[in-house]
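Protein chains in written order, with this note's numbering: chain C, 1 to 371; chain P, 372 to 751.
Glycine is no exception: its CB is placed at the ideal position from the N, C-alpha and C atoms.
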């Protein structure tokens, strides 16, 4: 205990804080011997798994940015025109399969389209693999396929190849869908979270958390009823409009698993910057806020399926906001914060109450608090 | 949003902060303990400490229900969940609390069926739809959650649901506060009383704190203005040299508590002679078990419970943190060996735990809101 008297408390606290910051920057180590649900939640556990297992095994320069879609240089025709393709893959295991505002089918198409769109690509072709459980109603599968057809038509893509597997009853939960998507990246488009710079503004394209709260309530375990539907939607049109009208867009991400908070942390880490957001500025629908309050979870960590986060050069932010708002899917877009030089790698929030706190990555799913 | 926004008004917060600052006597340090983990959560979530003058320090107390569960009880629970045909149900924040061989999430990865529920009553639904299984509810929490466990048992009996039982780990708040007050290395000036617990037990049980120990208590609500106002009320008491129990949360907390809830607890549960608390050791008469008359719903009687005892890891100073002797960052392993991904002590597990809250939210708390201390107190 004598050691504690050597330094004033403030300095010792700072030492501990510095130590935490160093620890946070260290390469994550996968400690678990088995996969737990946390590894699928999109937070720290997921990132650790990806970096420790998949990045280790597959490491290559196209994978390493760990963006939503890989950008592939493709040698062009005899005229020598090289084009950049974007390739993404995604899997859908949502439960329940049908929920207010959509189902696993349109979710799969929109999710894949959005991963391409936020890479700056024009989505073109999709694949769809179905893993079906023995006994799954054909009528449900028809509904799912029709939703996929409609969503693809809206997004301007075609499902051009697919695969079907059936597993014994109990080996799957009705229907899983796995997709891939390809698109073309127009010349001159180069988006990436590592490109964020101090002074940039951070925007969201609409109210956050609708999808995640809808799914939680649709599971029927909560006995909460709220007037909220999933925000599942294809963002390609919104993105094309934004990129076409506004120069200075640095990065786009769709805020799915892990929510907006996770995206902001990825920005802060990839670009070695800070991100400061204002709670007052973040659009959240009242039913979502209410449900989140009741459950003790934070809408910042709740998934969206039709919302993007944009990092835009400061002087272009208002123009970007106006462009987003001019599109039906961005009508409630908002500037929620800015990129700062300090504190590097951290996301902070000015609370509506007037205080400040850190918005860290969650380890796994947000767990409801008991009281 | 109504009933939320009016309790988070920054202008009112600034005014309260100015009053608190005006009550600080020069050179005096004020250490106030918020007993309840829910308060800790609010304090960090809203950045409330930014409003407090340097001389007012909040100490995070033992009222985080999952934080005080000893590792041995987690191991016991996993043992129960590993028995044939058992479905265990648990509150969400219990899922990541480490036992000596992992948490519930890890146990599930090895084959147990531990499901998250939002209310103990959900366990009855699961029991009814799985008549060939035995459903065990992992009951944790203070007097806040004990009534819902009690009501669930009463309903199970009324409906004749025989495949449901409770692994009872309910604890009581007063003995824990007393253990803290009796700790020789403690220096606290007052208590922010646990609001949710008090909706059940009322305010009267805290009177010994004010009378015998001379420390003021203000039972507080869970919105940030509630807590700020309670701090103000404590500061007024300290300024006037009073030590009384006051009720800031009167909109919810009746002075005499909730007799229906207390009756349900009393009907189904009784005090254990002693119970081990993580970090605080054995405290007599500090926990509840099922009464003999409800033996058929008592997992500890229906199953062999190994009664695992796991000593708290030596490096872990959860006990000192829970007693308010150490701030989280003063613990030897805080932020290095003990992090939210790899918690050693349970203070790091639940977001309500003092250490997890500090780790996740607290690292900026030393940036004060400048307006807070510069506003002059306008006297009426």
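For residue i, name the three-state secondary structure that DSSP assigns.
{"i": "residue 3 of chain C", "result": "Annotation note: pLDDT 44 at residue 3 of chain C (below 50); position unreliable, no value reported."}
{"i": "residue 731 of chain P", "result": "helix"}
{"i": "residue 546 of chain P", "result": "helix"}
{"i": "residue 467 of chain P", "result": "coil"}
{"i": "residue 216 of chain C", "result": "helix"}
{"i": "residue 709 of chain P", "result": "strand"}
{"i": "residue 748 of chain P", "result": "Its pLDDT being 36, under 50, residue 748 of chain P is placed unreliably by the model, and the measurement read from it follows with that caveat. Coil at residue 748 of chain P, not helix or strand."}
{"i": "residue 63 of chain C", "result": "coil"}
{"i": "residue 718 of chain P", "result": "helix"}
{"i": "residue 254 of chain C", "result": "strand"}
{"i": "residue 630 of chain P", "result": "helix"}
{"i": "residue 579 of chain P", "result": "helix"}
{"i": "residue 127 of chain C", "result": "strand"}
{"i": "residue 415 of chain P", "result": "helix"}
{"i": "residue 753 of chain P", "result": "An answer regarding residue 753 of chain P cannot be provided, because it is not within the stretch 372 to 751 covered by chain P."}
{"i": "residue 338 of chain C", "result": "strand"}
For residue i, which residues in the same chain have their Cβ closer than 6 Å to its Cβ, ignoring the five residues on either side in sequence?
{"i": "residue 45 of chain C", "result": "38, 39, 363 and 364"}
{"i": "residue 417 of chain P", "result": "595"}
{"i": "residue 218 of chain C", "result": "96 and 99"}
{"i": "residue 751 of chain P", "result": "Model confidence at residue 751 of chain P stands at a pLDDT of 33, short of 50, so the residue's coordinates are unreliable; what they give is reported in the following sentence. For residue 751 of chain P, where only same-chain residues beyond five positions count, there are no Cβ hits under 6 Å."}
{"i": "residue 191 of chain C", "result": "120, 251 and 252"}
{"i": "residue 131 of chain C", "result": "165, 172 and 176"}
{"i": "residue 504 of chain P", "result": "456 and 458"}
{"i": "residue 148 of chain C", "result": "105 and 109"}
{"i": "residue 427 of chain P", "result": "401"}
Using the beta-carbon count (16 or more within 10 Å), is residue i buried or exposed?
{"i": "residue 385 of chain P", "result": "buried"}
{"i": "residue 398 of chain P", "result": "exposed"}
{"i": "residue 160 of chain C", "result": "exposed"}
{"i": "residue 460 of chain P", "result": "buried"}
{"i": "residue 606 of chain P", "result": "buried"}
{"i": "residue 610 of chain P", "result": "exposed"}
{"i": "residue 507 of chain P", "result": "buried"}
{"i": "residue 482 of chain P", "result": "exposed"}
{"i": "residue 35 of chain C", "result": "exposed"}
{"i": "residue 350 of chain C", "result": "buried"}
{"i": "residue 91 of chain C", "result": "exposed"}
{"i": "residue 47 of chain C", "result": "buried"}
{"i": "residue 465 of chain P", "result": "buried"}
{"i": "residue 354 of chain C", "result": "buried"}
{"i": "residue 60 of chain C", "result": "exposed"}
For residue i, is the beta carbon positioned less than 7 Å from some heavy atom of the ligand FAD?
{"i": "residue 474 of chain P", "result": "With respect to the ligand FAD, the structure offers nothing, as it holds no ligand at all."}
Can you find the residues in the same chain that come closer than 7 Å, C-beta to C-beta, to residue i, ignoring five residues on each side of it along the sequence?
{"i": "residue 600 of chain P", "result": "387 and 619"}
{"i": "residue 570 of chain P", "result": "623, 624 and 629"}
{"i": "residue 564 of chain P", "result": "406, 577, 588, 589, 590 and 591"}
{"i": "residue 677 of chain P", "result": "447 and 450"}
Using a Cβ-Cβ cut-off of 8 Å (strictly less than) and excluding sequence neighbours within five positions of residue i, which residues of its own chain qualify?
{"i": "residue 378 of chain P", "result": "592, 594, 595, 596 and 597"}
{"i": "residue 493 of chain P", "result": "460"}
{"i": "residue 703 of chain P", "result": "686 and 688"}
{"i": "residue 331 of chain C", "result": "206 and 325"}
{"i": "residue 643 of chain P", "result": "656, 657, 658, 659 and 660"}
{"i": "residue 356 of chain C", "result": "348, 349 and 350"}
task = Taking a Cβ distance cut-off of 9 Å, strictly less, list which residues of the stretch 448-475 of chain P are near chain C, in chain order.
result = Of all residues in the stretch 448-475 of chain P, 462, 463, 464, 465, 466, 467, 473 and 474 have a Cβ within less than 9 Å of some Cβ in chain C.
inquiry  = Short of 8 Å Cβ to Cβ, which residues in the stretch 351-369 of chain C face chain P?
reply    = For the stretch 351-369 of chain C, which is checked against every Cβ of chain P, the residues closer than 8 Å are 351, 352, 353, 354, 355, 356, 357, 358, 360, 363, 364, 367, 368 and 369.
key: the stretch 146-156 of chain C touching the stretch 201-211 of chain C, judged by at least three CB pairs closer than 8 Å   = Verdict: no, contact absent.
query = On the three-pair Cβ rule with 8 Å, is the stretch 440-454 of chain P touching the stretch 400-417 of chain P?
reply = No contact exists between the stretch 440-454 of chain P and the stretch 400-417 of chain P.
ask   = Do the stretch 343-362 of chain C and the stretch 263-283 of chain C meet, that is, are 3 or more Cβ pairs less than 8 Å apart?
value = Inter-segment contact for the stretch 343-362 of chain C and the stretch 263-283 of chain C is present: three or more beta-carbon pairs are separated by less than 8 Å.
request  = Compile a chain-ordered list of the residues in the stretch 266-289 of chain C whose CB is closer than 8 Å to at least one CB of chain P.
outcome  = Under the 8 Å Cβ criterion, the stretch 266-289 of chain C contributes 286 and 289.
key: Under 7 Å (Cβ pairs) to chain P, residues found in the stretch 33-47 of chain C   = Hits within the stretch, in order: 34, 35, 36, 37, 38 and 44.
task = Anything in the stretch 51-62 of chain C with a Cβ closer than 8 Å to a Cβ of chain P? List those residues in chain order, please.
result = Cβ contacts with chain P come from no residue of the stretch 51-62 of chain C.
request  = Could you run through the stretch 417-436 of chain P and flag, in chain order, every residue whose CB is less than 8 Å away from some CB of chain C?
outcome  = Within the stretch 417-436 of chain P, the residues whose Cβ lies closer than 8 Å to some Cβ of chain C are 417, 418, 419, 420, 421, 422 and 436, listed in chain order.
message = If contact is defined by three or more beta carbon pairs under 8 Å, each pair taking one atom from either stretch, is the stretch 628-638 of chain P in contact with the stretch 511-520 of chain P?
response = In short, these stretches touch, since the Cβ pair count reaches three.
ask   = With a cut-off of 8 Å, do at least 3 Cβ pairs link the stretch 274-288 of chain C to the stretch 176-190 of chain C?
value = The stretch 274-288 of chain C, when compared against the stretch 176-190 of chain C, does not touch it at the 8 Å Cβ threshold.
ask   = Any chance the stretch 677-685 of chain P sits against the stretch 531-539 of chain P, with 3 or more Cβ pairs inside 8 Å?
value = Fewer than three pairs of CB atoms, one per stretch, sit closer than 8 Å, so the stretch 677-685 of chain P makes no contact with the stretch 531-539 of chain P.
inquiry  = For the pair the stretch 270-286 of chain C and the stretch 231-249 of chain C, tell me if three or more CB-CB distances fall below 8 Å.
reply    = The stretch 231-249 of chain C and the stretch 270-286 of chain C do not touch, with fewer than three beta-carbon pairs separated by less than 8 Å.
ask   = Does the count of Cβ pairs from the stretch 636-643 of chain P and the stretch 467-486 of chain P closer than 8 Å reach three?
value = Touching, no.
key: Under 7 Å (Cβ pairs) to chain C, residues found in the stretch 677-696 of chain P   = For the stretch 677-696 of chain P, the beta-carbon criterion of a distance under 7 Å to any beta-carbon of chain C is satisfied by none of its residues.
query = Which residues, in chain order, does the stretch 207-229 of chain C contribute to contact with chain P at a C-beta distance below 7 Å?
reply = The stretch 207-229 of chain C vs chain P, Cβ under 7 Å: 221 and 222.
inquiry  = Tell me which residues of the stretch 385-404 of chain P have at least one Cβ-Cβ distance to chain C shorter than 8 Å, keeping chain order.
reply    = Cβ contacts with chain C come from 385.
query = Are the stretch 521-528 of chain P and the stretch 542-561 of chain P touching, with three or more C-beta to C-beta distances below 8 Å?
reply = The answer is no - the stretch 542-561 of chain P does not touch the stretch 521-528 of chain P, with fewer than three Cβ pairs under 8 Å.
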